[in-house]
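This report refers to the structure that appears directly beneath it.
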Amino acid sequence: MASVLPSPMLGAFEQPVIHPPALSMTPDDETTMSEAPDPSNLSTRSSMDMGSEAEKATSAPVDDAEKQELRTVEFEKPLSNREIQLVFFALSVAAFLGSLDQTIISTAMPTIASQYNALPQQSWISLAYLLTSTVFQPIFGRGTDLYGSRLMLFLSIAFFDVGSLFCAVATDFIWFCSGRAIAGIGAAGLLVVCMIIISQMVPLRDRGKFVGAMYARTAIATVLGPVLGGIFTRFNWRWCFWINLILSGPAVAILLLFIKKIPNKKRPGVSFKDVDFGGIILIAVCVVALCLALSWGGTTFAWNSPVIITLLVVGSVLIPVYILYEMYVPRFPVIPLDMFRIRNVVASTGNYFFSSVSMYGLSAYIPSYYQLVRGDNQLVSGLEILPYVGTIVIFSTVVGYLMSWTGRTRPWMWAGGVVNTIANGLLIMLDGTLPRAVEYVFLALSGAGVGFIAQTNTVSAQSKVAKELLASVTTMTMWSKSLGGIVGIAMQGSIISNVFQKNMFADPAAAPYVDQLKALSDLRSLPPDIQELASRSYGKAFSTMMIATTPFVAVGLLFSLTAEPADLDRKSGAEKPEEDEVAPKAGDTGSQTGNGDLAIVSEKPADAI
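Position one of the sequence shown corresponds to residue 1 (the UniProt record's numbering), numbered consecutively onward.
Below you can see the structure in the form of structure tokens.
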């Protein structure tokens with residue numbers, strides 16, 4: 001009977017994709033569910049040493065029987081199509097909540113800070129969450145590789161729900177911000193571990209559909225967050241956090257129901273003493289210092305202030321220190337540096353980082369543009385981001401299916417980079433003078449470009465590594481997006497603030513309203529001529545922001561051009577290399593690292609693009 005892989009679009013009973021029968025496997029064919037083991041091997045394969053598996057991966061080709069014996073057990077029992085759908089739905093809900101919690105707070109922050117009499121400190125509501133979610137992403141990713149995805153998944157959910165509960169019942173501002181920091185730890189794990197489990201749960205050829213659908217759901221959370229936050233704030237802002245507990249309940253129930261079938265590949269022989277505490281401390285201090293510098297620079301402190309300079313110096317100095325430490329000290333580093341010898345990993349992380357500099361900033365500042373330049377209210381301006389996010393949702397889903405259909409990643413990466421670069425260049429003209437319909441078209445074009453690369457980078461990087469690095473590579477691609485977003489939002493916020501104030505205060509008539517204008521608050525109470533001046537000034541600032549970020553998108557495109565063809569018919573580390581894979585040699589991009597991680601690189605298929 002043919003093996004059938006379900007569609008990730010739960011609830012839409014689409015025609016499933018039919019793959020070749022698994023019972024007639026030849027040396028050139030693969031079973032559809034690559035990670036599903038032969039039940040007859042479960043008793044002998046559950047405690048396989050991954051180091052010996054890596055050594056076998058470099059040996060000469062063997063026959064089909066030996067290939068079946070070498071298969072790595074990642075499920076205790078195979079998942080049926082319906083079970084895959086249910087587990088994917090639960091993981092999608094978890095990742096959706098992790099994304100929603102980042103944006104739902106945006107419209108509620110002033111109200112929350114006012115209730116705690118902490119308006120001057122309201123930035124900590126988002127900053128506490130940002131710091132922990134950024135620091136803990138690589139930690140959860142490496143933890144999944146070493147200790148298994150089940151432990152990391154439920155740890156993430158526990159942190160997220162406990163943090164949300166703290167926020168919902170907090171009686172003072174310190175308690176509330178502590179809850180935000182705890183929830184940020186959980187969100188880091190949710191976003192990373194859910195994507196890793198999906199990557200372990202479906203074969204490489206079909207992975208784009210599921211990864212694309214996951215990105216579509218997180219993009220929807222970007223739009224819904226501010227809208228839901230505004231609605232809840234009108235009644236009781238604490239529902240911004242109660243909703244996390246309510247919606248996570250069904251997801252947890254489903255995951256517990258199938259806990260024995262959730263992929264749980266982990267490295268045997270790893271103990272508590274193998275935890276890279278030194279690397280964790282170094283990466284935490286480095287990321288926190290740089291995040292604080294980028295968040296405070298130009299707003300809380302001047303860029304040339306001693307505080308910002310100190311933070312930038314500390315963060316910058318710790319980068320080479322961290323790299324040297326990870327190269328020579330820990331057995332299992334937080335970030336396995338050997339994966340950066342693989343071209344597709346560098347291409348994907350570079351593309352994600354530079355593209356995200358623009359992507360996250362657009363999501364943050366499009367509503368502000370329509371409020372301050374077009375004079376729309378908060379609800380309308382929140383909906384006007386739909387052309388941008390809507391096309392991200394559509395194209396990330398469609399391209400996922402195209403990847404599975406064609407087995408190609410590079411054409412979609414390149415198309416996305418070209419479209420995104422052109423669209424960002426066109427958005428330079430958003431200064432309040434274009435017809436709204438034209439602005440919406442430009443935003444939709446930019447969203448389409450982002451949708452093209454939303455999942456292609458992840459799958460492209462995964463296609464070149466063995467199972468030992470799958471979790472780390474998946475984490476690194478996602479972390480590069482987060483880091484690019486932090487840089488982008490900080491840079492764009494500084495540009496908008498400086499250009500707006502420069503243009504605004506060039507007119508002496510604006511001097512009496514300096515406090516309102518600097519805060520960009522309650523502008524409708526200003527005289528009509530000052531409102532018009534503020535509108536023009538913000539339009540120029542937004543245009544300048546796009547001038548600054550468009551080159552970053554172009555650099556991301558250049559990174560994507562360096563990617564090698566991805567063979568999506570191979571098994572990403574599911575078993576020993578087939579004939580189109582080569583054992584790493586001296587000078588190759590894949591190698592056996594000192595800590596036992598193995599990066600296996602496929603040769604270019606003759607017909608690959």
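Cβ coordinates follow ideal geometry from the N, Cα and C atoms, glycine included.
Keep in mind it's a predicted model, so treat the numbers as computed, not measured.
Can you name the residues that DSSP bridges to residue i?
i, result
"Gly375", "Paired residues: none, contrary to the question."
"Phe301", "Gly297"
How is the alpha helix (DSSP H) around residue i delimited, first residue to last?
i, result
"Asp529", "Pro528 to Leu561"
"Ala461", "Thr456 to Gln462"
"Met429", "Counting along the chain, Met429 falls outside any alpha helix (DSSP H), and DSSP gives it neither H nor E."
"Lys481", "Lys467 to Met504"
"Thr107", "Element bounds for Thr107: n/a, residue is neither H nor E."
"Asn244", "Trp239 to Leu257"
"Glu439", "Arg436 to Ile453"
"Met339", "First-last for Met339: undefined, no H or E at that position."
"Ser320", "Residue identity differs from the one stated: residue 320 is Pro in this sequence, not Ser. Segment Pro306 to Tyr328, the alpha helix (DSSP H) holding Pro320."
"Val389", "Leu386 to Thr406"
"Tyr215", "Leu204 to Phe235"
"Gly148", "Gly148 -> no alpha helix (DSSP H), and no H or E assigned at all."
"Phe173", "Phe173 to Met201"
Whole angstroms are fine: how far does the CA of residue j sit from the CA of residue i?
i, j, result
"Val285", "Lys464", "31 Å"
"Ala181", "Ser106", "16 Å"
"Gly315", "Leu337", "19 Å"
"residue 625", "Gln122", "The requested residue 625 does not occur in the structure, where the chain is confined to residues 1 to 609."
"Asn503", "Tyr538", "9 Å"
"Ala57", "Thr474", "Unreliable positioning characterises Ala57 in this predicted model, as indicated by a pLDDT of 37, which lies under 50. A coordinate reading is not provided."
"Leu228", "Asn244", "12 Å"
"Asp376", "Arg217", "27 Å"
"Leu96", "Ile198", "Before going on, a small fix: residue 96 reads as Phe here, not Leu. Roughly 14 Å separates the two Cα atoms."
"Trp124", "Ile392", "30 Å"
"Ala466", "Val450", "27 Å"
"Ala541", "Gln378", "20 Å"
"Met429", "Phe241", "38 Å"
"Leu293", "Met491", "It should be noted that the sequence gives Ala, not Leu, for residue 293. One C-alpha to the other measures close to 11 Å."
"Cys177", "Ser348", "34 Å"
"Leu557", "Gly382", "29 Å"
"Pro110", "Pro203", "46 Å"
"Ile335", "Tyr147", "15 Å"
"residue 644", "Arg341", "Residue numbering for the chain in the displayed model covers 1 to 609; residue 644 lies beyond these limits and cannot be assessed."
"Gly189", "Val514", "42 Å"
"Ala264", "Ser560", "Note that residue 264 corresponds to Asn in the displayed sequence, not to Ala. Each residue's alpha carbon lies about 31 Å from the other."
"Met25", "Leu131", "With a pLDDT of 39 at Met25, under the threshold of 50, the modelled position of that residue is not reliable, and the figure given next carries that caveat. Answer to the nearest angstrom: the Cα atoms are 48 Å apart."
"Val459", "Leu470", "10 Å"
"Phe332", "Asp274", "7 Å"
"Asp507", "Gly432", "19 Å"
"residue 612", "Phe160", "For residue 612 there is no data in the structure shown, the boundaries of the chain being 1 and 609."
"Phe353", "Gly484", "4 Å"
"Asn81", "Ser446", "35 Å"
"Ala187", "Gly425", "33 Å"
"Gly279", "Val346", "21 Å"
"Leu155", "Ala113", "29 Å"
"Leu151", "Ala534", "52 Å"
Are there 16 or more other CB atoms within 10 angstroms of the CB of residue i, so buried, or fewer, so exposed?
i, result
"Arg436", "exposed"
"Met327", "exposed"
"Thr72", "Here the model assigns Thr72 a pLDDT of 34, short of 50, so the residue's position is not dependable, and the following value carries that caveat. Burial call: buried."
"Pro512", "exposed"
"Phe552", "buried"
"Gly416", "buried"
"Trp296", "buried"
"Pro565", "buried"
"Glu468", "buried"
"Leu119", "exposed"
"Pro387", "buried"
"Ala253", "exposed"
"Asp172", "exposed"
"Ile281", "exposed"
So is residue i in contact with chain D if we call contact Cβ pairs under 8 Å?
i, result
"Met109", "In the displayed structure, chain D is absent; only one protein chain is listed."
Does the Cβ of residue i lie closer than 7 Å to at least one heavy atom of the ligand ADP?
i, result
"Ser460", "Summarising the ligand content, the structure contains no ligands, and the ligand ADP is consequently not present."
* Would you mind listing the beta strand (DSSP E) stretches within the stretch 107 to 137 that are 3+ residues and don't spill past its ends, in chain order? => none
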